[in-house]
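K.L.:
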Amino acid sequence: MILDNATFHHGGRIAQLIQAKGAQGVYLPPYSPDLNRIEKCWAWLKGSIRKQRRSATSLREAMETVLKEAAS
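Numbers in the numbering used here are just positions in the sequence shown, counted from 1, shifted up by 862.
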């Protein structure tokens, strides 16, 4: 099972459950460059929607505007 490095994933009940199923825990590195790109994308998307939300009449309208901008 692939896990992040949250402290509750190490040892304790989670590790016991994984072992009881005959699986092995594989931990992601503390910093993953591959995941960092998507984190930057989500941060941009959420920030853009927040800005657009100030002038849009609904959240849906703000999201549609931002997604159209991103796709162009």
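By construction, the Cβ of each residue, glycine as well, lies at the ideal position given by its N, Cα and C atoms. Since the structure is predicted, the reported quantities are computational estimates derived from the model, not experimental observations.
1. Given a threshold of 16 other Cβ atoms within 10 Å of its Cβ, counted over all protein chains shown, does ALA932 qualify as buried or as exposed?
2. Given a cut-off of 8 Å on the beta-carbon distance, is the pair PHE870 and ILE876 in contact?
3. From the DSSP output, in three-state form, read off LEU890 for me.
4. Find the nearest neighbour of ARG912 within the set ARG899, ASP866, PRO892, LEU929, judged by alpha-carbon distance.
5. Among all the DSSP beta bridges, which residues are the ones paired with ILE864?
P.N.:
On the basis of the data shown:
1. exposed
2. In this structure, the beta-carbon distance from PHE870 to ILE876 falls below 8 Å.
3. Looking at LEU890 - three-state DSSP - the assignment turns out to be coil, as it is neither helix nor strand.
4. LEU929
5. VAL888
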